[in-house]
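Numbering (our numbering), first residue to last: 2 to 384. Notes for the one structure printed next.
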């Protein structure tokens with residue numbers, strides 16, 4: 002890309018993009034959503050439109066590219082829109098809300114063709130572009146011999162711009178950026194970065210963070226580095242499958258996603274099974290996970306027919322196999338006591354992004370799930 006505008010982190014970059022492109026009443030078609038991405042669009046008065054493929058919401062489907070966009074649905078949305086009504090089309094790499102699932106180059110190219118035909122900007126959320134490139138190399142015919150760096154470049158070449166949260170692929174605790182080719186858009190972004198982030202040459206980041214980010218970008222193109230990271234998710238996923246724990250398949254890049262609806266079938270979705278399960282994992286063995294279900298939706302707009310997942314996210318370069326084995330043992334233990342686990346109710350929720358700060362109370366007293374109090378704690382499986 003010709004122009005790069007730094008921000009203090011991914012949601013800062015999302016904010017800049019929304020300020021530059023979204024106007025009240027305009028729409029943003031996307032493969033599902035990411036919470037903060039959608040929030041910034043809606044705060045700017047925009048309307049988020051889901052154009053993900055059906056398989057994205059089917060945890061047991063083995064479809065290899067659940068991050069694909071439904072081309073017929075996108076065509077329908079673009080054709081129905083008035084000139085200027087579509088702010089931009091967004092496609093997220095390794096789609097978080099579907100379980101870390103990639104898109105294919107074939108689908109990406111088709112989306113690009115549609116956006117060019119309709120004169121609409123196309124933005125890739127490239128936060129996990131390295132893992133998406135690895136999956137393309139492994140799963141999509143014709144790309145097995147390509148280098149990871151060349152596939153990352155190929156993905157970027159299909160879009161008018163890209164947005165990054167560098168706390169993922171770039172191995173840093175802070176930072177992000179928007180990258181674009183259009184000079185007028187770059188100028189709009191730079192005007193806003195001065196207001197909200199800092200000067201355009203640092204975007205709210207300290208110099209040492211920018212140097213670390215630059216090194217992280219280099220390392221994110223190293224196939225050995227990315228394979229090592231993805232292999233940890235596969236290892237944890239295999240342990241959970243062996244323990245008959247319902248998870249999203251195929252295992253994604255950055256996490257293993259437990260299907261809370263199948264794990265806790267006695268709970269209604271209004272009893273927040275994913276949030277309940279996240280609490281149970283922590284109570285049982287100190288495993289911190291994250292709800293990706295209706296709590297992540299907005300009050301009054303909960304997707305009651307949607308996914309109800311618990312994300313077991315893997316920090317980069319932190320855990321050994323023994324750590325992951327412990328996580329699997331805790332999840333398996335909670336599975337053995339699933340029927341004892343009550344649901345939750347919300348006692349407090351903020352107006353925006355409620356899943357970050359909402360508070361809950363159990364509908365019935367929780368059982369003592371702590372493994373050390375169990376009559377027979379599970380033995381660690383061999384690493």
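Beta carbons are placed, not taken as given, at the ideal position from N, Cα and C, and that holds for glycine. Everything numeric in this text was worked out from a predicted model, so none of it was measured.
Query                                                                                                                                                                 : Result
Please give me, in chain order, every unbroken run of the beta strand (DSSP E) with length at least 3 that falls completely inside the segment 183 to 260.            : 256 to 260
From this set, 72, 30 and 100, which residue's C-alpha is nearest residue 235's C-alpha?                                                                              : 100
Enumerated in chain order, which unbroken segments of the beta strand (DSSP E) with a length of 3 residues or greater are wholly contained in the segment 345 to 381? : 345 to 349 and 360 to 363
For the beta strand (DSSP E) containing residue 270, name the first residue and the last one.                                                                         : Taken as a continuous stretch (DSSP letters only), residue 270 belongs to no beta strand (DSSP E), as it is neither H nor E.
So does the segment 105 to 121 actually touch the segment 200 to 209, counting three or more Cβ pairs closer than 8 angstroms?                                        : no
Alpha carbon to alpha carbon, how far is residue 212 from residue 190? Give it in angstroms, no decimals.                                                             : 22 angstroms
Is it buried or exposed for residue 46, if we count other Cβ within 10 angstroms and need 16 for buried?                                                              : exposed
Closer than 8 angstroms is the cut-off here; do at least three beta carbon pairs connect the segment 267 to 282 with the segment 307 to 321?                          : yes
Hey, residue 370 and residue 180: beta-carbon distance below 8 angstroms or not?                                                                                      : no
Measuring straight from C-alpha to C-alpha, what distance separates residue 384 and residue 324?                                                                      : Here residue 384 scores only 43 on pLDDT, less than 50, and its place in the model should not be relied on; the value that follows carries that caveat. Rounded to whole angstroms, residue 384 to residue 324 spans 9 angstroms at the Cα level.
Give the secondary structure of residue 330 by DSSP, where H, G and I count as helix, E and B as strand, and everything else as coil.                                 : helix
Under the rule that 16 or more other beta-carbon atoms within 10 Å means buried, what is residue 75, buried or exposed?                                               : buried
Measuring CA to CA, which of 230, 226, 271 and 251 is closest to residue 56?                                                                                          : 251
Counting beta carbon pairs with one atom in the segment 82 to 92 and one in the segment 59 to 67, are three or more of them shorter than 8 angstroms?                 : no
What residue range is occupied by the uninterrupted alpha helix (DSSP H) comprising residue 386?                                                                      : Nothing can be reported for residue 386: it is not among the residues displayed for the chain, which extend from 2 to 384.
Along the chain, where does the beta strand (DSSP E) containing residue 315 start, and where does it finish?                                                          : First-last for residue 315: undefined, no H or E at that position.
Would the segment 255 to 264 and the segment 153 to 167 be scored as touching if the rule is three or more Cβ pairs under 8 angstroms?                                : no
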